[in-house]
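Contents: one structure, followed by commentary.
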């Protein structure tokens, strides 16, 4: 949100930065209040070793983040504010990266359509890969398996950021 201040005149930038900092800190505090019970529950889970036989530990990113902090940075494990901000940044970056990837993928397909007839080739590949009768098991893993090569090729050809040089 701090990048928003660059769109304002220089005389107002200080005020926009103060406002966005206040707004961001307010949102972080709201999230911190919401996940305190989960944080305490996970700290209790971390008291037991991960390889304990009767130990039923959730398998998610928060567990991985807290186990890493327990092993490598024990001083940060009990720093609630640091973990809250790291969790927020990770959540934001994964969402932003996925959105950016999908956006660039669509733009790259549309941009290269004139030169390489990309849309027709994708339609043919779709018919060949999914079958003419339309039978396909639509699970997340199957869709991801089909989408992954396309996304990889798009990133390799054009780069993964909006600031990369466009080639069409």
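Numbering (the numbering used here), first residue to last: 13 to 180. All residues carry an ideal CB built from backbone N, CA and C; glycine is no exception.
- For residue 23, three-class secondary structure by DSSP: What you label residue 23 is simply residue 11 of the chain shown in a count that begins at 1. In this structure, residue 23 counts as helix in the three-state DSSP scheme.
- Using the C-alpha atoms, what's the distance from residue 136 back to residue 177? For the purposes of this step, residue 177 is taken as residue 165 along the chain shown, with counting starting at 1. For the purposes of this step, residue 136 is taken as residue 124 along the chain shown, with counting starting at 1. Only weak support exists for where residue 177 lies, its pLDDT of 46 falling under 50; the value from the coordinates is given anyway. If you take the alpha carbons of residue 177 and residue 136, they lie about 29 Å apart.
- Query: Going straight from the alpha carbon of residue 77 to that of residue 116, what length do you get?
  - Reply: The residue labelled residue 77 in the question sits at position 65 within the chain shown. The residue labelled residue 116 in the question sits at position 104 within the chain shown. Cα-Cα distance, rounded: 29 Å.
- Query: Using CA coordinates, which residue listed in 72, 97, 23 is at the minimum distance from residue 38?
  - Reply: As a working mapping, residue 38 is identified with position 26 in the chain shown. Closest by alpha carbon: 97.
- Query: Should residue 113 and residue 81 be called a contact, given that it needs their Cβ atoms to be closer than 8 Å?
  - Reply: Position 101 of the chain shown, counted from the first residue, corresponds to residue 113. Position 69 of the chain shown, counted from the first residue, corresponds to residue 81. With a cutoff of 8 Å on beta-carbon distance, residue 113 and residue 81 are scored as not near each other.
- Item | residue 62 beta carbon less than 8 Å from that of residue 85 | Counting from 1 along the chain shown, the entry for residue 85 is found at position 73. Counting from 1 along the chain shown, the entry for residue 62 is found at position 50. Not in contact: residue 85 and residue 62 (Cβ atoms no closer than 8 Å).
- Report yes if the C-beta distance between residue 118 and residue 125 is below 8 Å; otherwise report no. Here residue 118 refers to the residue found at position 106 when the chain shown is read from its first residue. Here residue 125 refers to the residue found at position 113 when the chain shown is read from its first residue. No, these two residues do not count as a Cβ contact at 8 Å.
- CB residue 20 to CB residue 28, shorter than 8 Å? What you label residue 20 is simply residue 8 of the chain shown in a count that begins at 1. What you label residue 28 is simply residue 16 of the chain shown in a count that begins at 1. Contact: yes.
- Message: So, under 8 Å CB-CB, residue 75 and residue 54 are touching, yes? Tell me the CB distance rounded to an integer number of Å.
- Response: By one-based count along the chain shown, residue 75 stands at place 63. By one-based count along the chain shown, residue 54 stands at place 42. The beta carbons of residue 75 and residue 54 sit about 7 Å from each other, so the pair counts as a contact at 8 Å.
- Element boundaries [alpha helix (DSSP H), containing residue 105]: Indexing the chain shown from 1 puts residue 105 at position 93. Segment 92–128, the alpha helix (DSSP H) holding residue 105.
- Task: My understanding is that residue 40 touches residue 100, with C-beta atoms under 8 Å, so please give their C-beta distance in whole angstroms.
- Result: Walking along the chain shown from the start, residue 40 turns up at place 28. Walking along the chain shown from the start, residue 100 turns up at place 88. Sure, about 7 Å apart at Cβ, within 8 Å.
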